[in-house]
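Quick notes on the structure that follows.
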Amino acid sequence: MSATTPLDTSKLDPRKTDPDAVARQIIGKLTYQIGKRPDEARKYDWLRATTLVVRDHVMDRWFASGDRIAESGAKEVCYLSMEFLIGRLLRDAINNLGLSKPVTEALARYGVQLDMVELLEPDAALGNGGLGRLAACFMESMASTGVPGYGYGIRYVHGFFRQEISEGAQVELPESWLVHGNPWEFERRDATYEIGFGGHVTTVHESGKPARQVWRPAERVLAVAYDTPMVGWRGAQVNTLRLWSAQAVDPILLDAFNEGDHIGALVESNKAESITRVLYPADSHQAGQELRLRQEYFFSSASLQDIIKRHIARHGDLKTLHEKVAIQLNDTHPAVSVAELMRLLVDIHGIAWAEAWQITSKTFGYTNHTLLPEALEHWPIHLFERLLPRQMQIIYTINAEIIRHAAQEKGFNDAQIAAISLIDEGNGRRVRMGQLAFVGSHAVNGVSALHTELMKETVFHNLHELYPDRIQNKTNGVTPRRWLMECNPELTGLVTEAIGPAFLDDIEKISEIDPLADDAAFVEKFAAVKRKKKEALAALISERLAIQVDPNAIFDIQVKRIHEYKRQLLNIIEAVALYDQIRSHPEKNWAPRVKIFAGKAAPSYAQAREIINLANDVARLVNSDPVVRDLLKVVFIPNYNVSAAEIIMPAADLSEQISTAGLEASGTGNMKFALNGALTIGTLDGANVEMKDHIGDENIFIFGLTAPEVAQRRREAHSGRSIIEANPILREALHAISSGLFCPEAPSRYHGLISNLYNNDWWMICADFEAYWNKQRELDQLFAKPREWHSKAVHNTARMAWFSSDRSIREYAKDIWQAGPGAVA
Ligand code: 26V
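Converting from the sequence shown to our numbering requires adding 169 to each position, the first position being numbered 1.
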């Protein structure tokens, strides 16, 4: 078809998937939606036209899924999360609908490359890190495993900030993913709810007795739904991600406007809209601000009102809610939902308290994602009471009942009661959101085996005693569609060539490549794929940072949020030590290495910012030193996000998972790397422990203190001084950093960072250094034997199937939700 051939609209059948039909569909969109002829279309126009076509293919299936669920009366899972780090959606939809070939071919006819066009889609960064990305993997896996699922969250106008590095330091820039419109979302005006804040509560009397509580909020805001399809594997099911946007009830105060107060007329709508304007860019350290609590309540209340309305429409009777809906609380961020559901059931729908409590606790499940005390949410009572007076009353009533139960039936003493109370009486009286989520749920889960055991021993020790059957483990997983097929089509192709395509439908079958770890020809091909992915990353590094890295070197990668417990500092110190040792002993047999870092620091987290600065300062000096030229490079890739991860994960030889044991709840980057054939150097923390069990001790590189050993050292007030004094390699490295070698322009920049190690070493960096250094040297030796290295890499890919989020979701569905295929309707 030439560029100017008139379009025969009768041929626009969106269900046809041959390249001719897809080409016609794309030209149809280009012509009638975008208003461009092929010869004048820019890349963005092609992106938009292609997205609209793929979206049409999604629509039929989306409707069909909705109809099927409605007809079957199946139980639905509602996943409430403040964060959904979904990234780009086009490739995901194309892959899951099996449209890769026809779309690629159709675009090629116009000289357009799909890969190039895909890159223009903004990366939807509606989350901070692991917790948000897990929610996105879970949405995809629910659709892929046939679980009827709704995701509920917030449609932030500005997602996670863009990171630039300026003179070595992190600079935050606003991210505006919606400015060019978002073809994936559908505004649903018919799903709009009122959300109240503030005001007061009055008791209504009937026949002289107190009958009901009525909350009269002082402020009201509207929550408007925006729906995005979540396409499952082979398009068999399409679920919905429903994100709420805040709007003022009165968009403009006309009285004020007419009196000439043009700014005052918009104050209210500005205030309302500010609720969903920005994602809090912190994943530790209690935010503490009122706006954050407003966000939490806003999306919780909107979601619950929507769930109730849809339940009544489908099933008539609210008293069967727990039979037809499971609500999963993704961390404590939506925990206020426990009080809000009680309010809606009791105050609005007139259900008696005891029955409402039964319904509530049977409906909710709660997932804990961190044990870090500073990340556990607790709100000052005065703030909570002012913003949510009725919910505060409800929390007091729940608390009184729990305490009565603990004291009377379990004989809890005062200390135990203080520990389980929903109110922290120290700390200026606060509402503990973890406790609220726990008591309001029938199941509470951790995200790895170790994390779950630690939950029982630490934060929820007393609640676990009170409800010993409530805590379960559900180890995290990642979706193999995005994290293998889409990000690594080369490896997917190689595996398909070796064992056929059945593993695409059942990832467990990927284990069939395990014996090929001993097949020299296969291992060589596997290594060639890795090489190709390393070349792609090297090209990106060259283009973005003008640093040349050699794909023959070990690509040693640590990408994740910057946090002290994740110990990027340990990795940087090792890089400095290596630099120092290579310079002193250039004759030794060093394996060439490229140390790659990426990750964002919470803007208010000073130590994390310093660590970024140090990585960049070290990179500057090391990369310009001719003595170590081919042996060591250090690279900090700015603006780590899902799209960057898709390029980085397949390119790693070595994955750094080196958190202080006991502190990383699970980790999911560890899984993405290993699935793509990286070897892991890591501590016995989070899911690393289970990865070791699956992959085998000889194929993973574990070092350092265990969680109980860390706890023991902390009790002994461990410090780094004697360790540093006894280890010249460590001592020299710390001295180099502290002396200002890497930052002559500000020589005292890292004094504080290093003196902390001498005086305290809270994160066990000194304690673990020697074991880490030795393990790295062991890896140097192994890298010199490529056949052995890549054979282990094959074992990694072959044995990671259990860490698919399909497995996680099936466990949740069976043990917590009683939903999905196999559940009785
Ligand atoms: C906490 C807070 C505290 C208040 C300020 C805003 C904010 C935002 C997020 C969080 C939650 C952080 C918890 C988290 O991301 N945990 C990670 O969850 C991953 C998925 O389970 C897991 O793999 C990581 O190990 C864990 O750190």
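Yeah, the Cβ is synthetic: ideal placement off N, Cα and C, and Gly gets one too. All of these numbers come straight from a predicted model, not from anything done at the bench.
DSSP state of L422 mapped onto helix, strand, coil
The residue you call residue 422 lines up with position 253 of the sequence shown. L422: coil per DSSP, three-state reduction.
Using CA coordinates, which residue listed in P386, N782, K735 and S812 is at the minimum distance from V804?
The residue you call residue 804 lines up with position 635 of the sequence shown. Minimum Cα distance to V804 is reached at N782.
Check whether the Cβ atoms of K643 and V664 lie closer than 8 Å to each other.
Here residue 643 refers to the residue found at position 474 when the sequence shown is read from its first residue. Here residue 664 refers to the residue found at position 495 when the sequence shown is read from its first residue. No, they are not a contact pair.
Only counting runs of 4 or more residues, tell me where the alpha helix (DSSP H) segments fall wholly within the region 667-715, in order along the chain.
689-714
Segment contact, 8 Å Cβ cut-off, at least three pairs: the region 329-348 with the region 261-274:
no
Beta-carbon contacts of N929 that lie in its chain and below 7 Å, excluding the five residues immediately before and after:
Here residue 929 refers to the residue found at position 760 when the sequence shown is read from its first residue. Once the five neighbours on either side are set aside, the close Cβ partners of N929 are S888.
What residue from L490, Q416 and L460 has the CA that sits closest to G242's CA?
Along the sequence shown, one-based indexing puts residue 242 at 73. It is L490 whose Cα lies nearest to the Cα of G242.
Applying the criterion that 16 or more other CB atoms from any shown protein chain within 10 Å of the CB defines a buried residue, is T661 buried or exposed?
One-based indexing of the sequence shown puts residue 661 at position 492. When all chains shown are included, T661 counts as buried.
Can E546 be considered in contact with the ligand 26V, in the sense that its beta carbon sits closer than 7 Å to one or more heavy atoms?
By 1-based counting over the sequence shown, the position of residue 546 is 377. It does: the Cβ of E546 is within 7 Å (strictly closer) of some heavy atom of the ligand 26V.
Enumerate, from N- to C-terminal direction, the unbroken alpha helix (DSSP H) stretches of 4 or more residues contained entirely within the region 625-666.
630-635
What is the DSSP secondary structure of K270, counted as helix, strand or coil?
Residue numbering aside, residue 270 sits at position 101 when the sequence shown is read from its first letter. K270: helix per DSSP, three-state reduction.
For L176, which of helix, strand or coil comes out of DSSP?
Taking the first residue of the sequence shown as 1, we reach residue 176 at position 7. At L176 the pLDDT is 49, less than 50, meaning the model places this residue with poor confidence; the figure from the coordinates comes in the next sentence. Reduced to three states, the DSSP call for L176 is coil.
Hey, would you say the C-beta of H538 is under 7 Å away from at least one heavy atom of the ligand 26V?
As a position in the sequence shown, residue 538 is number 369, starting the count at 1. H538: yes, Cβ under 7 Å from the ligand 26V.
Flag N785 as yes when its Cβ comes closer than 7 Å to any non-hydrogen atom of the ligand 26V, and as no otherwise.
If you number the sequence shown from 1, residue 785 lands on position 616. No.
Label K764 either buried or exposed according to how many other C-beta atoms from any shown protein chain fall within 10 Å of its C-beta, with 16 as the threshold for buried.
Residue mapping note: residue 764 aligns to position 595 of the sequence shown, counting from 1. K764 comes out buried.
Give the straight-line distance between the Cα atoms of S793 and Y748, rounded to the nearest whole angstrom.
Working through the sequence shown from its first residue, we reach residue 793 at position 624. Working through the sequence shown from its first residue, we reach residue 748 at position 579. So the alpha carbons of these two residues sit roughly 12 Å apart.
In or out: L556 buried (at least 16 other Cβ within 10 Å) or exposed?
In the sequence shown, residue 556 corresponds to position 387, counting from 1. Buried, since its Cβ has 16 or more Cβ neighbours within 10 Å.
Residues near V879 by beta carbon distance below 7 Å, same chain, minus five either side:
As a first step, residue 879 is located in the sequence shown; it is residue number 710 there, counting from the start. Correct list, in chain order: T829, A830, G831 and M933.
Who are the near neighbours of F553 in its chain, counting only those whose CB is closer than 6 Å to its CB and skipping five residues on each side?
Position 384 of the sequence shown holds residue 553. Answer for F553: M561 and V600, listed in chain order.
My parser needs the alpha helix (DSSP H) runs of 4 or more residues fully inside the region 296-336; what are they?
299-314
Three-way DSSP call (helix, strand, coil) for F355 in this model:
The sequence position of residue 355 within the sequence shown is 186, counting from 1. Strand at F355.
Report whether the distance from the Cβ of L616 to the nearest heavy atom of the ligand 26V is below 7 Å.
In the sequence shown, counting from the first residue as 1, residue 616 sits at position 447. Residue identity check: residue 616 is Val in the sequence provided, not Leu. For the ligand 26V, at least one heavy atom lies less than 7 Å from the Cβ of V616.
Quick check on Y449: does DSSP put it in helix, strand or coil?
Position 280 of the sequence shown holds residue 449. Y449 falls in the coil class under three-state DSSP.
Go ahead and pull the three-state DSSP assignment for F872.
Residue mapping note: residue 872 aligns to position 703 of the sequence shown, counting from 1. In the structure shown, F872 sits in coil (DSSP, three-state: anything other than H, G, I, E or B).
Spell out a yes or no on whether the region 229-248 and the region 496-504 are touching, meaning 3 or more CB-CB pairs, one atom from each, closer than 8 Å.
yes
Is it the case that the Cβ atoms of L739 and Y941 are separated by a distance below 8 Å?
Along the sequence shown, read from residue 1 onward, the residue named residue 739 stands at position 570. Along the sequence shown, read from residue 1 onward, the residue named residue 941 stands at position 772. Against a cut-off of 8 Å, the Cβ pair of Y941 and L739 comes out as a contact.
Considering only C-alpha positions, which residue in the set W759, R357 and H484 is nearest to R324?
Indexing the sequence shown from 1 puts residue 324 at position 155. Residue R357 is the option with its Cα nearest to R324.
Would A312 pass as a contact of M399 if the rule is Cβ separation under 8 Å?
Residue numbering aside, residue 312 sits at position 143 when the sequence shown is read from its first letter. Residue numbering aside, residue 399 sits at position 230 when the sequence shown is read from its first letter. In this structure, M399 lies closer than 8 Å to A312 by Cβ.
Measuring only the C-alpha atoms, how far is A820 from K699?
To locate residue 820, count along the sequence shown from 1; it is residue 651. To locate residue 699, count along the sequence shown from 1; it is residue 530. Looking at the two C-alpha atoms, the distance is approximately 6 Å.
When DSSP labels each residue in this structure, what does Q416 get in the three-state scheme?
Here residue 416 corresponds to residue number 247 of the sequence shown, with the count starting at 1. The answer is strand: DSSP assigns Q416 an E or B state.
Mind checking whether A392 and A417 have CB atoms under 8 Å apart?
Taking the sequence shown and counting its residues from 1, one reaches residue 392 at position 223. Taking the sequence shown and counting its residues from 1, one reaches residue 417 at position 248. No, the pair does not count as a contact, with Cβ atoms beyond the cut-off.
If you scan the region 557-622 from start to end, which runs of the alpha helix (DSSP H) of 4 or more residues do you find wholly inside it?
558-579, 583-589 and 602-608
How big is the Cα-Cα spacing for I421 and G429?
By one-based count along the sequence shown, residue 421 stands at place 252. By one-based count along the sequence shown, residue 429 stands at place 260. In a straight line, the C-alpha of I421 is about 13 Å away from that of G429.
Own chain partners of W231 with C-beta closer than 7 Å, once the 5 adjacent residues on each side are dropped:
As a position in the sequence shown, residue 231 is number 62, starting the count at 1. Here the set comprises P398 and V407.
With DSSP as the reference, label E546 as helix, strand or coil.
For the purposes of this step, residue 546 is taken as residue 377 along the sequence shown, with counting starting at 1. In this structure, E546 counts as coil in the three-state DSSP scheme.
Figure out for me which residue from Q339, K531, G597 and V811 has the closest Cα to the Cα of W548.
As a working mapping, residue 548 is identified with position 379 in the sequence shown. Minimum Cα distance to W548 is reached at G597.
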